[in-house]
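**Student:** Right, I'll just put the structure down here and ask away after.
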Amino acid sequence: MSRTVEGHAQLSAPVMAAYSYCEAVTGQQARNFAYGIRLLPADKRQAMSALYAFSRRVDDIGDGELPPDVKQTRLESTRDLLGRVRDGAIDEDDTDPVAVALADAARRFPIPLGGLDELIDGVLMDVHEETYETWDDLKVYCRCVAGAIGRLSLGIFGTGPGTSEKAFDYADTLGLALQLTNILRDVREDAGNGRTYLPADDLAKFGCSAGFHSSTPPPGSDFAGLVHFEVRRARALFAEGYRLLPLLDRRSGACVAAMAGIYRRLLDRIERDPEAVLRGRVSLPGREKAYVAVRGLSGLDTRSITRQKARRRA
């Protein structure tokens, strides 16, 4: 599928076409993610696009309108395809561009493909309409659908010697922070789809057990209190997960800083106006996302984390 010429991977036309397809999917359907990965060198950007395109396929099955039994069958078929990728049974002549790209990426980088099995497990939780009583319960789901993606990405980014175990823990925690931010942003949309992700004991604590089916909070609830409580939890996760940045090379760190920075700014907006998430989808304008990306590339976030660690040691 690819050969090495003077130390650089020379990709065949079918593999290049497969990566181009995955990059198009990423650019069209994951603009926050795309802002981050555009900071990577070409080989890592291609691999991250293949990872995203496969993950998008899994998510689309879970979010679609098919009956649950059909969704489950399709998810298990996708798991079988992943098994073929893992076994090296996909070549450049395969008709599935996502499989071709992912297979090539797995040859070029030590991607822990089991993380995609975890993603499928998490989406199956959605198909089975699972609910979550406690934060510990919700963490299981978040680790499947987001923490696993952080760990998969780390296989592409790479880390220095002796740091891999800590790095995987930080990547997992950062994934939880991103997913909790997503959950807060999408509470109204999820309620419309019959899904509730926030822990039941948190909802009860703030009088929000009735759910979020209108542009105003449930009568008699402390919706702002609920949002601020979850924002504090997400901020603590971000603080821990950001310790990953100094362990990465400059451009990989910039990628992570850009993606995480966009979500942290979303969290800021949600904190300032909690009810905004009930009125519509909270998002950042493109110019602000671009600023966050430039800040990540300049290393400002990485240097900030390094200074904080130095102060803690002092």
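Using UniProt numbering, you'd call the opening residue of the sequence shown number 1 and step up by one each time. Cβ atoms here follow ideal geometry from the backbone N, Cα and C, with glycine treated the same way. Fair warning: this is a prediction, and the values are worked out from it, not measured in the lab.
Can you find the residues in the same chain that come closer than 8 Å, C-beta to C-beta, to residue 117, ignoring five residues on each side of it along the sequence?
**Tutor:** Cβ neighbours of residue 117 beyond the five flanking positions: 79, 82.
**Student:** Do you know offhand how far residue 140's Cα is from residue 120's?
**Tutor:** Looking at the two C-alpha atoms, the distance is approximately 13 Å.
**Student:** Output yes or no for whether 9 Å exceeds the beta carbon distance between residue 25 and residue 56.
**Tutor:** Their beta carbons are under 9 Å apart, which means residue 25 touches residue 56 by this criterion.
**Student:** Please confirm whether residue 98 and residue 18 have their CB atoms less than 9 Å apart.
**Tutor:** Taking 9 Å as the Cβ cut-off, residue 98 and residue 18 qualify as a contacting pair.
**Student:** Measuring straight from C-alpha to C-alpha, what distance separates residue 278 and residue 214?
**Tutor:** The alpha-carbon atoms of residue 278 and residue 214 are separated by roughly 7 Å.
**Student:** So, for residue 308: in the same chain, excluding its five sequence neighbours on each side, which residues have a beta-carbon less than 7 Å away from its beta-carbon?
**Tutor:** Low confidence applies to residue 308: its pLDDT is 48, below 50, so where it sits in the model is not reliable enough to give any reading.
**Student:** Using the rule of at least 16 other Cβ atoms within 10 Å of the residue's Cβ for burial, across every protein chain shown, is residue 155 buried or exposed?
**Tutor:** Buried, by the Cβ-count rule.
**Student:** Taking the alpha-carbon positions, what's the residue 100 to residue 11 distance?
**Tutor:** Distance between the alpha carbons of residue 100 and residue 11 is about 12 Å.
**Student:** Give the single residue among 70, 290, 199 whose Cα lies nearest to the Cα of residue 135.
**Tutor:** The residue with the shortest Cα to Cα distance from residue 135 is 199.
**Student:** Which full runs of the alpha helix (DSSP H) of 4+ residues lie inside the region 231-302, going along the chain?
**Tutor:** Those alpha helix (DSSP H) runs which fall completely within the region 231-302 and span 4+ residues are 250-272, 276-279, 286-298.
**Student:** Following the continuous alpha helix (DSSP H) through residue 68, name the residue where it begins and the one where it ends.
**Tutor:** 68-86 is the extent of the alpha helix (DSSP H) around residue 68.
**Student:** Candidates 157, 30, 183: which alpha carbon is nearest residue 44's?
**Tutor:** Among 157, 30, 183, the Cα nearest to that of residue 44 is on 157.
**Student:** Cβ atoms of residue 267 and residue 229: under 9 Å apart, would you say?
**Tutor:** No, the pair does not count as a contact, with Cβ atoms beyond the cut-off.
**Student:** Report the rounded CA-to-CA distance for residue 149 versus residue 174, giving the unit in angstroms.
**Tutor:** If you take the alpha carbons of residue 149 and residue 174, they lie about 10 Å apart.
**Student:** Could you check which residue in 263, 126, 284 has the C-alpha nearest to that of residue 197?
**Tutor:** The option with the nearest alpha carbon to residue 197 is 126.
**Student:** In the DSSP assignment, the alpha helix (DSSP H) including residue 152 goes from what residue to what residue?
**Tutor:** That run of the alpha helix (DSSP H) goes 148-157.
**Student:** Report all residues from its chain with a CB closer than 7 Å to the CB of residue 167; omit the five preceding and five following residues, and keep chain order.
**Tutor:** The answer, listed in chain order, is 154, 159, 244, 247.
**Student:** Exposed or buried, what is residue 252 when buried is set at 16 or more other beta-carbons lying within 10 Å of its beta-carbon?
**Tutor:** Residue 252 is buried by the Cβ-count criterion.
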